[in-house]
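Comments concern the structure below.
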Amino acid sequence: MRPVTILDSKQLDLTLNRLAFQLVERYLDFDGTAIIGLQRTGAFLSEALVDKVRGIRKDCKVEHGLLDVTFYRDDFGRRDKPLAAASTELDFPIEQKRIILVDDVLYTGRTIRAALDALVSLGRPASVELLVLIDRRFSRQLPIEPSYTGQMVDSIATQHVQVEWDEKGFQKAVLFEKVDKG
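Using the numbering used here, you'd call the opening residue of the sequence shown number 1 and step up by one each time.
Here it is in structure tokens:
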């Protein structure tokens with residue numbers, strides 16, 4: 001099966017605009033609020049969202065950081081090939097902040113569970129919300145649901161959702177394909 005485009009670059013841009021407007025509507029000036037992208041895949045998405053929010057509300061200062069969850073994953077020591085860790089880049093305390101965790105695809109919920117563990121190891125946020133570009137429904141292994149969703153996709157384990165970004169972090173497309181588990 002050839003990959004099917006779920007969102008092309010124009011649709012992806014419209015989706016990011018909608019998500020940014022939802023965040024501005026909820027948080028207005030973003031005082032006491034931070035957007036944190038999950039390394040690696042949520043990093044580009046969170047940066048794109050922060051740019052969109054700043055374009056909508058030029059007067060607000062959006063705190064933005066990146067969180068690596070590698071060592072908090074429940075499959076960290078169970079892989080044949082070791083996972084490469086990325087850096088956590090938070091230049092602000094998360095204590096009593098409203099946190100918006102950002103990732104590209106929500107599938108089983110295990111990455112988000114790892115993100116919550118990593119986050120609370122750094123402090124106690126006032127609240128945590130989840131924003132995802134793609135929600136792969138019916139695949140959850142943990143009771144985790146996003147607060148903000150770009151697009152919902154019904155998929156099974158033999159299918160894969162891939163968000164493509166170019167080398168500069170600009171969105172290209174979201175693809176859906178069948179994976180041969182052979």
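The beta carbon of each residue, even a glycine, is placed where N, CA and C say it ideally should be.
| Asked | Found |
| --- | --- |
| Considering only the alpha carbon of each residue, which of 42, 29 and 44 lies closest to residue 53? | 29 |
| Note down, in chain order, each residue of its chain lying with its Cβ closer than 6 angstroms to the Cβ of residue 104, except the 5 sequence neighbours on either side. | 41, 42, 45, 133 and 163 |
| For residue 17, I'd like the list of residues in its chain whose CB is within less than 8 angstroms of its CB, leaving aside the five on either flank, ordered along the chain. | 52 |
| Taking three-plus beta-carbon pairs below 8 angstroms as touching, is the segment 65–75 in contact with the segment 107–115? | yes |
| Just list the residues that DSSP pairs residue 147 with in beta bridges. | According to DSSP, which records beta bridges pairwise, residue 147 is partnered with nothing at all. |
| Whether or not the segment 146–153 and the segment 19–28 are in contact is what I'm after, with contact meaning three or more pairs of Cβ atoms, one per stretch, closer than 8 angstroms; do they touch? | yes |
| Since residue 34 sits in a beta bridge, which residues does DSSP pair it with? | 63 and 99 |
| If we call anything under 9 angstroms between Cβ atoms a contact, is residue 97 one with residue 63? | yes |
| Compute the Euclidean distance between the alpha carbons of residue 124 and residue 94, then round it to the nearest angstrom. | 7 angstroms |
| Taking residue 41 as part of the alpha helix (DSSP H), name the residues at either end of that continuous run. | 41–56 |
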